[in-house]
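Engineer: After the structure tokens below, expect a handful of questions from me.
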Ligand code: ADP
Ligand code: ZN
């Protein structure tokens with residue numbers, strides 16, 4: 366980039382002498398420059414892109430339009446702690462002030478802020494900025510004496526109710542602009558689609574901000590989705606592609622994490638589990654062993670990763686369905702932060718959708734409401750769509766989620782849809798779909814409760830007692846799908862559920878808890894009338 370302008374000299378000198386770095390990464394210099402000029406700045410950068418330098422470097426400069434203390438607001442304690450320690454090791458006066466800070470320490474921080482030896486950067490949690498808090502009184506003091514350089518709002522997407530990471534305390538951050546109108550604000554995030562970005566800019570009241578957005582494409586990551594069949598297949602993948610390398614496997618429940626880590630150890634892999642319910646000491650130990658290479662694989666819930674900075678993660682596996690594309694992107698984004706190739710493999714099974722939907726509906730979160738549940742359901746269905754869409758480049762699909770256009774020729778076959786292109790078979794299954802929908806329609810009319818497995822058996826013409834006993838072998842649909850390969854048959858039923866042509870309804874019976882029975886979906890008529898088609902692409906037998 367063109368490293369010129371009135372502040373270029375000081376910026377470049379700090380890059381090398383204070384931070385020990387050789388060159389700027391994309392948008393860093395530009396964002397720093399805009400901050401030095403006293404502007405509001407918005408930075409959208411993928412995880413690992415180097416957001417912190419964008420506010421740490423201007424904080425140590427003296428030649429900019431503003432002077433004084435840089436206030437950094439972040440929701441992630443561990444991350445703030447790492448940063449403050451990192452800054453201290455560079456002899457930068459950085460201070461962390463949270464609810465964990467002892468009274469003695471807090472006293473010291475307060476007096477330093479009133480003294481002439483003020484910290485360069487003050488990291489606070491958003492909770493500290495509440496109305497009439499001590500922190501706010503101190504900020505007002507700094508404001509009056511013109512010693513507030515800048516507010517930095519890290520993880521700025523937490524302010525948006527659109528996102529999954531919405532934080533109550535972030536709601537309050539509009540006070541920064543209202544109470545300290547002349548202090549520039551810099552907002553940074555790694556996760557934001559168009560709607561969220563607009564929401565952030567508005568809620569923080571940024572005024573004509575300098576906006577820096579960069580591609581979310583992670584060129585060194587390979588994205589693959591494969592059918593989930595067995596743990597053994599995954600073990601084989603790890604042993605052949607990533608022997609003795611570092612990786613993360615994400616699962617949705619803590620029991621599943623513990624069980625899988627145990628299975629992996631039995632198969633000779635160095636694995637440990639990690640989830641939110643472990644006590645801090647155990648968490649610390651596991652993270653440490655993983656960081657220093659004693660443990661290769663962490664099997665974790667999404668509680669793992671916030672603030673984890675390990676550069677040589679060679680693979681990230683999702684062994685359950687991710688809850689939304691944002692999360693999927695962030696979690697896979699922890700692979701290959703050193704820029705070297707890394708694999709992101711998602712083991713997909715449609716049956717994994719139901720437990721997640723149940724989790725969303727059964728939430729104990731008191732802040733939830735029908736709209737938010739609907740949004741979360743739509744978000745997980747977007748993941749299913751991603752998994753099942755094996756004809757469009759995976760990068761194109763992922764980046765589209767962030768509102769970014771991506772030409773598949775730039776994928777360089779680093780996703781399994783591009784790599785397997787030409788091997789996929791696509792065919793029209795509208796006729797077969799109609800037969801299945803009519804079958805479900807007839808059961809609905811006769812008020813007969815039939816599960817998806819029973820329906821599939823009837824359709825493929827299974828000669829079993831269960832089918833015969835109910836007289837299902839006499840139905841016109843019996844055996845109508847006998848020529849369809851087994852994988853396609855599964856795909857067809859999944860697709861019909863996905864398209865809302867069919868739905869599974871939970872029914873509580875006296876003998877069993879929730880049994881799922883098939884019913885006509887909202888869109889069933891569109892397919893029966895032929896106004897919509899059902900196309901399936903699938904990997905023929907023998908193709909991974
Ligand atoms: P983010 O907050 O965007 O996830 P960080 O600010 O934590 O990213 O930076 C990620 C890693 O990249 C850190 O290890 C950091 O030291 C490194 N880094 C940042 N900027 C540069 C640069 N210009 N040159 C080399 N390494 C950098
Ligand atoms: Zn691709």
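Residue numbers (full-length UniProt numbering): 366 to 909. Each residue gets a CB set at the ideal place from its N, CA and C atoms; glycine is no exception.
1) Kindly indicate which three-state DSSP category residue 692 falls into: helix, strand or coil?
2) Counting only the same chain and skipping the five closest in sequence on each side, list residues whose C-beta sits under 6 Å from that of residue 822.
3) What three-state label does DSSP hand residue 587 in the structure shown?
4) Is any non-hydrogen atom of the ligand ADP found closer than 8 Å to the C-beta of residue 393, if you look at the structure I gave you?
5) Kindly examine the ligand ADP and report whether one of its heavy atoms sits closer than 8 Å to the Cβ of residue 414.
6) Going by beta-carbon coordinates alone, are residue 553 and residue 419 separated by less than 9 Å?
7) Evaluate residue 850 with the Cβ neighbour count: other Cβ atoms within 10 Å of its Cβ, from every protein chain shown; 16 or more gives buried, anything less gives exposed.
8) Would you list the one or two residues that DSSP bridges to residue 550?
9) Residues in the same chain with beta-carbon distance under 7 Å from residue 877, minus the five sequence neighbours each way, listed in chain order, please.
10) Distance, Cα to Cα, residue 443 vs residue 792?
11) Assign residue 439 to one of three DSSP states: helix, strand, or coil.
12) Give the C-beta separation of residue 886 and residue 866 to the nearest angstrom, bearing in mind that I take them to be a contact with Cβ-Cβ under 8 Å.
13) Quick one: give me the first and last residue of the beta strand (DSSP E) that residue 562 is part of.
14) Could you tell me whether the Cβ atoms of residue 449 and residue 477 are closer together than 9 Å?
15) Looking only at its chain, what residues have a beta carbon closer than 7 Å to the beta carbon of residue 578, apart from the 5 residues adjacent to it on each side?
16) Of all the options 629, 411 and 723, which has the alpha carbon lying nearest to the alpha carbon of residue 583?
17) Using the beta carbon as the reference atom, which residues fall closer than 6 Å to any heavy atom of the ligand ZN, ordered along the chain?
18) Tell me, please, whether the region 727-738 touches the region 376-383 by the rule of three or more beta-carbon pairs shorter than 8 Å.
19) Residue 902 by DSSP, collapsed to three states: which one?
20) Measuring CA to CA, which of 558, 556, 559 and 565 is closest to residue 538?
21) Could you tell me the boundaries of the beta strand (DSSP E) in which residue 667 lies?
22) Output the distance between the C-alpha atoms of residue 903 and residue 750, rounded to the nearest integer angstrom.
23) Tell me whether residue 373 sits in a helix, a strand or coil according to DSSP, three-state version.
24) For the alpha helix (DSSP H) that contains residue 338, what are its first and last residues?
25) Measuring CB to CB, does residue 350 end up less than 9 Å from residue 440?
26) Give me, in chain order, the residues of the same chain whose beta-carbon lies closer than 6 Å to that of residue 819; leave out the 5 immediate sequence neighbours on both sides.
27) Which word fits residue 788, buried or exposed, when buried means at least 16 other C-beta atoms lie within 10 angstroms of its C-beta?
28) Can you list, in chain order, the residues of its chain with a C-beta nearer than 7 Å to that of residue 368? Leave out the 5 residues immediately preceding and following it.
29) Taking residue 708 and residue 661 to be in contact with their CB atoms under 8 Å, please state how far apart those CB atoms are, rounded to whole angstroms.
30) In the structure shown, what three-state DSSP assignment does residue 504 receive?
31) Give the DSSP bridge partners of residue 612, in chain order.
32) Which whole-angstrom value describes the C-beta separation of residue 684 and residue 712, a residue pair presumed to lie in contact below a C-beta threshold of 8 Å?
33) By the three-class DSSP mapping on this structure, what secondary structure does residue 720 have?
34) Using alpha carbons as the reference points, say which of 406, 680, 705 and 710 lies closest to residue 611.
35) Would you say the beta carbon of residue 957 is closer than 8 Å to some non-hydrogen atom of the ligand ADP?
Structural biologist: The relevant details are as follows:
1) Within the chain shown, residue 692 is the residue found at index 327, counting from 1. Helix.
2) By one-based count along the chain shown, residue 822 stands at place 457. Contacts found: 832.
3) Within the chain shown, numbered from 1, the residue matching residue 587 stands at position 222. Reduced to three states, the DSSP call for residue 587 is strand.
4) Taking the first residue of the chain shown as position 1, residue 393 is located at position 28. Yes, Cβ of residue 393 sits closer than 8 Å to a heavy atom of the ligand ADP.
5) On the chain shown, residue 414 is found 49 positions in, with the first residue counted as 1. Correct: residue 414 has its Cβ closer than 8 Å to the ligand ADP.
6) Locating residue 553 in the chain shown gives position 188, counting from the first residue. Locating residue 419 in the chain shown gives position 54, counting from the first residue. The answer is yes: Cβ separation under 9 Å.
7) Residue 850 sits at position 485 when you count from the first residue of the chain shown. Burial call: exposed.
8) Position 185 of the chain shown, counting from 1, holds the residue named residue 550. DSSP output for residue 550 lists 516 as bridge partner(s).
9) As a first step, residue 877 is located in the chain shown; it is residue number 512 there, counting from the start. Summary for residue 877: the model assigns pLDDT 47, below 50, so the residue's position carries little reliability; its value from the coordinates is reported in the next sentence. Here the set comprises nothing.
10) Here residue 443 is taken as the residue at index 78 of the chain shown, counted from 1. Here residue 792 is taken as the residue at index 427 of the chain shown, counted from 1. Residue 443 and residue 792: Cα-Cα distance of roughly 51 Å.
11) Position 74 of the chain shown, counted from the first residue, corresponds to residue 439. Note: residue 439 maps to coil in three-state DSSP.
12) Taking the chain shown and counting its residues from 1, one reaches residue 886 at position 521. Taking the chain shown and counting its residues from 1, one reaches residue 866 at position 501. Yes, they are in contact, since the Cβ atoms of residue 886 and residue 866 sit about 5 Å apart, within 8 Å.
13) Here residue 562 refers to the residue found at position 197 of the chain shown. No beta strand (DSSP E) holds residue 562; the alpha helix (DSSP H) holding it covers 559-568.
14) Along the chain shown, read from residue 1 onward, the residue named residue 449 stands at position 84. Along the chain shown, read from residue 1 onward, the residue named residue 477 stands at position 112. No, the pair does not count as a contact, with Cβ atoms beyond the cut-off.
15) Translated into positions along the chain shown, residue 578 becomes position 213. Within the same chain, residue 578 has close Cβ partners 409.
16) As a working note, residue 583 is residue 218 in the chain shown. It is 411.
17) 758, 759, 760, 773, 776, 780, 782 and 783
18) no
19) Taking the first residue of the chain shown as 1, we reach residue 902 at position 537. Strand at residue 902.
20) The residue given as residue 538 occupies position 173 in the chain shown. Per the Cα distances, 565.
21) One-based indexing of the chain shown puts residue 667 at position 302. It is not in any beta strand (DSSP E) - residue 667 carries neither H nor E in the DSSP assignment.
22) By one-based count along the chain shown, residue 903 stands at place 538. By one-based count along the chain shown, residue 750 stands at place 385. Near 14 Å, if we compare the C-alpha coordinates of residue 750 and residue 903.
23) To locate residue 373, count along the chain shown from 1; it is residue 8. Three-state DSSP puts residue 373 in a helix.
24) No statement about residue 338 is possible, as the shown extent of the chain runs from 366 to 909 and does not include it.
25) Nothing about residue 350 can be reported from this structure: the residues present for the chain run from 366 to 909 only.
26) For the purposes of this step, residue 819 is taken as residue 454 along the chain shown, with counting starting at 1. Short of 6 Å from the beta carbon of residue 819, and not among the five residues preceding or following it, lies no beta carbon of its own chain.
27) Along the chain shown, one-based indexing puts residue 788 at 423. The residue is exposed, with fewer than 16 neighbouring Cβ atoms inside 10 Å.
28) Here residue 368 is taken as the residue at index 3 of the chain shown, counted from 1. Only 377 and 394 meet the Cβ criterion.
29) Your numbering for residue 708 matches position 343 in the chain shown. Your numbering for residue 661 matches position 296 in the chain shown. No, residue 708 and residue 661 are not in contact; Cβ-Cβ is about 14 Å, not under 8 Å.
30) Within the chain shown, numbered from 1, the residue matching residue 504 stands at position 139. The answer is helix: DSSP assigns residue 504 an H, G or I state.
31) Here residue 612 corresponds to residue number 247 of the chain shown, with the count starting at 1. Partner(s): 662 and 680.
32) The sequence position of residue 684 within the chain shown is 319, counting from 1. The sequence position of residue 712 within the chain shown is 347, counting from 1. The C-beta distance from residue 684 to residue 712 rounds to 5 Å, short enough to fall under 8 Å.
33) Locating residue 720 in the chain shown gives position 355, counting from the first residue. Correct three-state label for residue 720: helix.
34) Start at 1 with the first residue of the chain shown, and residue 611 comes out as number 246. For the residues 406, 680, 705 and 710, the minimum Cα distance to residue 611 belongs to 680.
35) Given that the chain is displayed from residue 366 to residue 909, the structure contains no residue 957 and the question cannot be resolved.
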